[in-house]
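Report on one structure; see the data block that follows.
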Amino acid sequence: MNLRTELTGLPPRKQARRLAAVAAFLLAHIAKSEIDATEAEAALAAIRGWGDGADLTGRYFSDLIYSEDERGTLRRLSEAAGKPSEDGWNALTTTTMYVAWLVFQETGEPMPSDVNEVGEDSLDLLDDQLAELG
């Protein structure tokens, strides 16, 4: 799969709709070994929702990755270190960060520095992460 080739010519929300399928796959992978995948479910719902036209902010997506109450996919990734779900959390965090980048671009909100560093290169990273999952 070459996500960069497949997605970069599409409008942002259509990219998110395609990435919702990736996020659903990652949620299924994570759920195989995690009792609670609430953060993954929330990320999938947000990606799907924004792709389908929901009015979500970039800040909302940032909070799905890491938030002041220490919830989010990044925290779950660090908790999953060395566990079967680690690669799934890693790829889901990349997916969510890329969609956050799309949202920030569309809304014009000030972009946090870590999201500002995201771009189409993230799709190459995501391809590599998905290849590791098989």
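Taking my numbering as reference, the numbering of the sequence shown is continuous, increasing by one, and the terminal residue is 137.
Note that beta-carbon positions come from the ideal geometry of N, C-alpha and C, so glycine has one too.
What number of angstroms, rounded off, separates the C-alpha of residue i from the C-alpha of residue j?
i	j	result
residue 46	residue 86	20 Å
residue 40	residue 84	15 Å
residue 95	residue 71	20 Å
residue 75	residue 82	11 Å
residue 134	residue 42	23 Å
residue 27	residue 73	23 Å
residue 79	residue 35	15 Å
Could you check which residue in the options has the C-alpha nearest to that of residue i?
i	options	result
residue 104	124, 89, 92 and 91	124
residue 44	57, 18 and 99	99
residue 65	36, 115, 33 and 7	115
residue 17	55, 133 and 121	55
residue 110	57, 93, 94 and 117	57
residue 129	118, 75 and 97	97
For residue i, which residues from the same chain have a beta carbon less than 7 Å from its beta carbon, with the 5 sequence-adjacent residues on both sides left out?
i	result
residue 112	60, 61 and 62
residue 6	126, 129 and 130
residue 77	68, 69 and 96
Is it the case that the Cβ atoms of residue i and residue j are separated by a distance below 8 Å?
i	j	result
residue 136	residue 90	yes
residue 67	residue 49	yes
Only counting the same chain, and skipping five residues up and downstream in sequence, which positions put a Cβ closer than 6 Å to that of residue i?
i	result
residue 37	88
residue 19	50, 53, 54 and 102
Keeping to the same chain, check which residues put their C-beta closer than 8 Å to that of residue i; ignore five residues upstream and five downstream.
i	result
residue 121	100, 101, 103 and 104
DSSP three-state label for residue i, please.
i	result
residue 58	coil
residue 101	helix
residue 33	helix
residue 8	helix
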